[in-house]
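**Q** 2 is the number of the first residue of the sequence shown in our numbering; add one for each residue after it. Even for Gly, the Cβ is constructed at its ideal location relative to N, Cα and C. Can you keep this structure in mind? I'll have questions shortly.
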Amino acid sequence: MNKRVAQVQIIVYKMVRNEPLFLLFKRVPERGGFWQAITGGVNEGEDLSVAAKRELFEETKIKDYIKFLRKVYYFEFDTEEYGRIKEYVFAVEVDDNTEAVISNEHSEQKWCSYKEALSLLKYESNKDSFKKLYSILNKKNFLKRVFLSVYKAIIAVLMGFSSSFGKSSIKPEKKDNKISEAKK
Numbered sequence: 002m003n004k005r006v007a008q009v010q011i012i013v014y015k016m017v018r019n020e021p022l023f024l025l026f027k028r029v030p031e032r033g034g035f036w037q038a039i040t041g042g043v044n045e046g047e048d049l050s051v052a053a054k055r056e057l058f059e060e061t062k063i064k065d066y067i068k069f070l071r072k073v074y075y076f077e078f079d080t081e082e083y084g085r086i087k088e089y090v091f092a093v094e095v096d097d098n099t100e101a102v103i104s105n106e107h108s109e110q111k112w113c114s115y116k117e118a119l120s121l122l123k124y125e126s127n128k129d130s131f132k133k134l135y136s137i138l139n140k141k142n143f144l145k146r147v148f149l150s151v152y153k154a155i156i157a158v159l160m161g162f163s164s165s166f167g168k169s170s171i172k173p174e175k176k177d178n179k180i181s182e183a184k185k
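If you want it as structure tokens, here you go:
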């Protein structure tokens with residue numbers, strides 16, 4: 002058995018109507034019976050990202066995703082078996098049709114809103130991980146909305162400009178060819 006040098010946490014999410022839904026897994030009773038994201042060990046000499054992708058596949062069979070976010074969060078905690086452990090948090094965005102297969106480590110899975118996920122998670126460090134990811138996703142969504150608003154405004158201005166291109170807004174005066182009665 003390899004020596005565990007760190008741990009990874011992988012938060013699986015999908016975007017539905019510009020809001021993230023998070024996939025939580027309930028551990029089997031022998032492993033605590035609590036809700037959490039995917040977690041697993043990093044073996045000696047193993048790259049953190051490789052470990053995260055390996056754990057994701059081992060516990061869910063998910064291998065295709067839209068985004069793989071590294072360095073979402075980091076924390077340390079003490080264990081009886083390994084002493085002080087560093088946990089590195091990753092996030093994976095999947096499409097709306099992705100289905101996870103439950104491993105023998107879990108008894109249930111559930112897609113949750115941010116608030117529901119926070120209410121189900123047991124450990125504060127896991128809640129902090131979700132808070133950090135949610136903050137990152139909100140910033141990205143905010144910037145995306147700002148970009149789209151600016152883009153739409155530019156298009157509207159350009160469309161207005163192009164529809165008036167070649168047309169003069171100055172109308173020539175009409176000259177009256179009649180000689181006024183006063184000059185006669």
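Less than 8 Å between the C-beta atoms of Val43 and Val6, yes or no?
**A** Cβ distance < 8 Å, so Val43 and Val6 count as in contact.
**Q** Within a Cβ cutoff of 6 Å, which residues of the same chain sit near Phe76, ignoring the five residues on either side of it in sequence?
**A** Taken in chain order, the residues that qualify are Glu88 and Ser126.
**Q** Does the Cβ-Cβ distance between Lys123 and Phe35 come in under 8 Å?
**A** Yes.
**Q** For the beta strand (DSSP E) that contains Tyr89, what are its first and last residues?
**A** Taken as a continuous stretch (DSSP letters only), the beta strand (DSSP E) holding Tyr89 covers Gly84 to Glu94.
**Q** Where does Pro30 land, buried or exposed, given buried means 16+ other C-beta within 10 angstroms?
**A** Classification for Pro30: exposed.
**Q** Looking at the structure shown, is Phe35 part of a helix, part of a strand, or coil, going by DSSP?
**A** Coil, per DSSP.
**Q** State yes or no: is the C-beta of Tyr74 within less than 8 Å of the C-beta of Ser130?
**A** Against a cut-off of 8 Å, the Cβ pair of Ser130 and Tyr74 comes out as a contact.
**Q** Do you know how far the Cα of Gln8 is from the Cα of Val90?
**A** Cα-Cα distance, rounded: 9 Å.
**Q** Whether or not the region 79 to 86 and the region 56 to 71 are in contact is what I'm after, with contact meaning three or more pairs of Cβ atoms, one per stretch, closer than 8 Å; do they touch?
**A** No, because fewer than three Cβ pairs between the region 56 to 71 and the region 79 to 86 fall closer than 8 Å, the two stretches do not touch.
**Q** Just checking my contact of His107 with Lys4 at CB under 8 Å: how many whole Å lie between their CB atoms?
**A** The Cβ separation is near 25 Å, so there is no contact.
**Q** Going by the beta-carbon positions, is the gap between Val93 and Val13 smaller than 8 Å?
**A** Yes. Within cutoff.
**Q** Kindly list the residues whose CB is nearer than 6 Å to the CB of Phe23, restricted to its own chain and excluding five residues on each side of it in sequence; keep chain order.
**A** Tyr14, Cys113 and Ala118.
**Q** Can you tell me whether Thr186 is helix, strand or coil according to DSSP?
**A** Past the edges of the chain, shown from 2 to 185, lies residue 186, and the structure says nothing about it.
**Q** My output table needs one value for Tyr14: the three-state DSSP class, helix, strand or coil.
**A** Note: Tyr14 maps to strand in three-state DSSP.
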